[in-house]
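J.: Residue numbers (our numbering): 29 to 127. Cβ atoms here follow ideal geometry from the backbone N, Cα and C, with glycine treated the same way. Nothing here was measured: the structure is a model prediction, and the numbers come from that model.
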């Protein structure tokens, strides 16, 4: 099955919200999909952000990147992660190709 590359979205186009999962979590919706926040990168680390999201895509985890003048944020589709992964974030912390 071909890998679906992560989308890059202007941050002002998404709808941010918060949800409860053993604490308040950041999330956003875009085009009828909901995503949970994973991590941020500065503008200087654009390639690392994209590499990190591509690493997730290779593991069949749908993600996207939002960009703003402050930098880049990685988000994972809530349909792609289990409650346990959300609680622990263990399986969301991939080793990116660039460190």
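Taking the continuous beta strand (DSSP E) assigned at residue 38, which residues delimit it?
T.: Per DSSP, residue 38 belongs to the beta strand (DSSP E) from 35-38.
J.: Using only CA atoms, which one of 105, 106, 109 and 100 lies nearest to residue 39?
T.: The option with the nearest alpha carbon to residue 39 is 100.
J.: Please name the residue, chosen from 33, 64 and 41, that lies closest to residue 48 on a Cα-to-Cα basis.
T.: Comparing Cα-Cα distances from residue 48 to each of 33, 64 and 41, the minimum goes to 64.
J.: My output table needs one value for residue 76: the three-state DSSP class, helix, strand or coil.
T.: Residue 76: helix per DSSP, three-state reduction.
J.: Cβ atoms of residue 34 and residue 7: under 8 angstroms apart, would you say?
T.: This structure does not reach residue 7, given that the chain is present from 29 up to 127, and the question cannot be answered.
J.: Are the beta-carbon atoms of residue 37 and residue 69 separated by less than 8 angstroms?
T.: It is not a contact, given that the beta carbons lie outside the stated cut-off.
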